[in-house]
Every structure is written in structure tokens, then in C-alpha cells.
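Residue numbers (the numbering used here): 1 to 311. For glycine and all other residues, C-beta sits at the position ideal for the given N, C-alpha and C.
Below, the structure is given as C-alpha cells:
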């Protein structure tokens, strides 16, 4: 089966959709749509999959996704449920978001190519692999999105254009690409239900020793066929994919809790500290303690190289 093609509903004859959701959990399986999507997470946390990108989402997460780019959000388990993450406090908040969806030419194809719109047109082209926004750009865009959700008619449209203009002007360090340039949406859309089942298995049991055979059974495939299928669909082996999910949880725990590195290591499914340190360094380019120290210094406004001390 293929990934779900979502049909976006717009109100009346409006040119775009602006929707506010508040749910127990997001209902967002592996899906795609021809519309560009801008999503702000108002509350809740979990795992975010965009093309071949694996990442964490939490309050304030702001992502722009291009047309036909498959994506999925999976909330973390409840604190009293299987697979509850170490970094999220109990009880977990309800899943709330503001989502804006519009076609690439929603203002008219010829208008989008005018000089004044060129930065926004280029932004929308860059969104084909997904973009996550950070820093001041995100702060300003989030304030505008909240105001847009409360606005109507022409004011809502002007808010959207203001947001897109803000995002288009973001410096490179505040607009991070998500999926890799080599990602093939057409391939990833195929057998989307199987990817759903495997991702849900990992999200639920990432702290356990999940084998490739178990993942293959969840996908309804033999181990060899599953191995080939999964690598083609995600650009990763199953073990690499699982490691990225675990390290994502670990990074969040390092930032949001005072647990020791060893406690986080075992909470995230690693059997020994040396392997955890090696995998964290491979995926984050710094050891876990250095990652936590650098984040603390950044939050305090201290330049990263102000001290040679190591945590």
C-alpha cells in the first residue's frame, strides 16, 4: 500500500487553510499532499519523520514542508505507558498545533515569479526537502502564526505573507534542511503502511533491544526483503535508523533533564556507555557531555569557546 494522500480542506473560496488542532495525540501517519505545509507545535513532544530525516519535536517546533514530501508525527508514549521517554515530564500535555497549508501557486503562478516575491518563491523551492527554523527567525514567525490563527480574511493572508517573508530572510544557521537532497519521495511513498508500522514499533519500544527480525514481522516481510526495502525507503539500515531515534531521545534528555549521561544511555536502549558515546559522537559530532555543556553555555549567553573545561 502507498502512503496516504491527504486532501486538504479549505474554508469556502479561501486560497489557503489555517487550522488549529488540540488532540489527545496527533493523528498523523506517513502521508503526503500537494500543498506546502507550515506546522507549529504548540504543545506535546515526540518523533518527527520527514522524508529520510528523523528528528524530535517539542513545543515551539516550526517546520516548512514542500509539496508531496511524505512526513509523519508520532507522540511520545504516556508516562505510565510502554516506551515513555525520560525527557518528557508527567503528565504529557495534549497535542496542539497550528497548521497552514497552501498550494505552491496559491497567489497565482505569474505573481509568485515577480521580483518582490522572488525570495518567497526561492524559499518554497528550498522547502522541497523540508526546513526546520530556529533562533530569532522562529521566535518572530511563531508570534505571527499565533496572531494569524486568530485573524480572518485579508489580515490572515497578510500574516501568512509576513511569515513567509520572515522565513525567506532567515540566515542559514536558523533554517536547517531536513530530508537529504538525494531523497526520493516517489520511492518513500510506496509501501507507506509498512513504514508506518515499523516507525510505530520503534517509537513504542526504542528502549528495548528490537531486532531486525521483529521489524520485518511488523512490516509483514521476510528479513532479507525487509532489509532491502527499508534501506531503499529511508537511505539507512534498520540499525542506523533505530540509533538515530535513540540518539534523538538522548539529546532531548541531555537538554531537558539533570539525569547523568549513564542514566540517559540506559534509558535510551543502549547496553553500554562506550557504544552510546560512540553513536552520539557519530550523529551529533560531539560527545554527550560536551553537547550538554555547549547547550548550557549557549542558553546562558556564554560564547562556546569561553572555557576549555569539559563537563
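| Query | Result |
| --- | --- |
| Output needed for residue 141: all residues of its chain with C-beta closer than 7 Å, excluding positions within five of it in sequence on either side, in chain order. | 62, 133, 163, 166, 167 |
| Please report the Cβ distance between residue 77 and residue 232, rounded to the nearest whole angstrom; I am assuming they are in contact, meaning their Cβ atoms lie under 8 Å. | Between residue 232 and residue 77 the Cβ distance is about 29 Å, and since that is not below 8 Å, they are no contact. |
| Roughly how many whole angstroms lie between the Cα atoms of residue 221 and residue 236? | 17 Å |
| Check each candidate in 219, 122, 283, 137 and name the one with the smallest Cα separation from residue 194. | 219 |
| Go through its chain and collect everything with a Cβ distance to residue 287's Cβ below 7 Å, but skip five positions before and after it. | 277, 280, 281 |
| Inspect the beta-carbon positions of residue 259 and residue 251 and report whether they are closer than 9 Å. | no |
| Taking the Cβ atom as the reference point for each residue, do residue 97 and residue 54 lie within a distance shorter than 9 Å? | no |
| Since residue 40 sits in a beta bridge, which residues does DSSP pair it with? | 62, 98 |
| If I'm right that residue 238 touches residue 229 with Cβ under 8 Å, what's the distance once you round it to whole angstroms? | Actually they are not in contact, since the Cβ atoms of residue 238 and residue 229 sit about 10 Å apart, beyond 8 Å. |
| Output the distance between the C-alpha atoms of residue 201 and residue 215, rounded to the nearest integer angstrom. | 7 Å |
| Buried or exposed for residue 274, going by 16 or more other Cβ atoms inside 10 Å? | exposed |
| Could you name each continuous alpha helix (DSSP H) segment of 4 residues or more that falls completely within the segment 273 to 297, going from the start of the chain to the end? | 273 to 284 |
| Considering residue 175, what are the terminal residues of the beta strand (DSSP E) in which it resides? | 175 to 177 |
| If you run the structure through DSSP and keep just helix, strand and coil, what is residue 18? | strand |
| Excluding five sequence neighbours on each side, which residues of the same chain lie with their C-beta closer than 6 Å to the C-beta of residue 43? | 59, 93, 96 |
| Counting only the same chain and skipping the five closest in sequence on each side, list residues whose C-beta sits under 6 Å from that of residue 52. | 179, 180, 183, 234, 235 |
| CA-CA distance, residue 172 and residue 130? | 14 Å |
| Report the CB separation of residue 107 from residue 199 in whole angstroms; it is logged as a contact under 8 Å. | Not a contact, Cβ separation roughly 35 Å. |
| For residue 138 and residue 148, which I take to be in contact (beta-carbon distance under 8 Å), what is that distance rounded to the nearest angstrom? | Between residue 148 and residue 138 the Cβ distance is about 15 Å, and since that is not below 8 Å, they are no contact. |
| Assuming contact is defined by CB atoms lying nearer than 9 Å, are residue 243 and residue 30 in contact in what I supplied? | no |
| How long is the line joining the alpha carbons of residue 68 and residue 48, rounded to whole angstroms? | 16 Å |
| By the DSSP assignment, the beta strand (DSSP E) with residue 74 in it spans what residues? | 71 to 75 |
| Whole angstroms are fine: how far does the CA of residue 248 sit from the CA of residue 290? | 16 Å |
| For residue 113, which of helix, strand or coil comes out of DSSP? | coil |
| Taking all protein chains shown into account, decide if residue 109 is buried (16 or more other Cβ within 10 angstroms of its Cβ) or exposed. | exposed |
| Less than 9 Å separating the beta-carbons of residue 124 and residue 35? | no |
| From the DSSP output, read off the bridge partner residues of residue 55. | 48 |
| Below 8 Å on the Cβ atoms is my guess for residue 295 versus residue 255; work out the distance and round it to an integer in Å. | 5 Å |
| So, at 6 Å on beta carbons, what are the nonlocal neighbours of residue 74 in its own chain, with the 5 sequence-adjacent residues on each side left out? | 46, 47, 203 |
| What's the call for residue 159, buried or exposed, on a 16-neighbour Cβ count within 10 Å? | buried |
| Is the beta carbon of residue 269 less than 9 Å from the beta carbon of residue 209? | yes |
| Quick one: what does DSSP say residue 133 is sitting in, helix, strand or coil? | strand |
| For residue 166, list the residues DSSP reports as bridge partners. | Paired residue(s): none; residue 166 is not in a bridge. |
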